[in-house]
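For reference, the structure discussed in these notes is given below.
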Amino acid sequence: FSALRGNEFLALLGDRDFSRHGIYPDFFGKKALIPKGPAVFSHRCGATIVPTFMIREPDDTFTLFFDTPIVPDPAEPEAKAVEHITKECVAVIEKYVRRYPDQWYIFKPFWDNGAKKKR
């Protein structure tokens, strides 16, 4: 919070929720557990989210993409804002995964929504 309130940058991953406290928007047509932290930070601090992706090119160089900023609406109630912002983030992630499917790798089952307990 202090970085965002100080008008600094904060980088967060937005496609995996490891806390099991995220939300379940549609992701490629199926419910998936997505972190709500980026949306919560954005709404509470008034911080714009700039979706950013790095793609490895065939010659082993990288291209960095900055997508259209997602600006929170401070008048929106927090629960609705978090859902809205997260859905916007998911739509951008889907766009890049569709464009570069070989660049996104899932290390664990993604659409099980955490239903299985850790052993």
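No gaps in the numbering here: position 50 of the sequence shown is 30 in my numbering, and each next residue is one more.
We put the CB at the ideal spot given by N, CA and C, even for glycine.
Nothing here was measured: the structure is a model prediction, and the numbers come from that model.
- Boundaries of the beta strand (DSSP E) around residue 43: 42 to 46.
- Distance from the CA of residue 70 to the CA of residue 19, rounded to the nearest whole angstrom, comes to 11 Å.
- Taken atom to atom, the span from the alpha-carbon of residue 12 to that of residue 3 is near 8 Å.
- The bridge partners DSSP lists for residue 7 are 10.
- DSSP places residue 29 within a strand segment (E or B) once states are collapsed to three.
- Cβ contact annotation for residue -5 (same chain, cutoff 6 Å, sequence separation greater than five): 73, in chain order.
- For residue 36, the beta-bridge partners assigned by DSSP are 42.
- The shortest CA-to-CA distance from residue -2 to any of -10, 14, 62, 9 is the one to 14.
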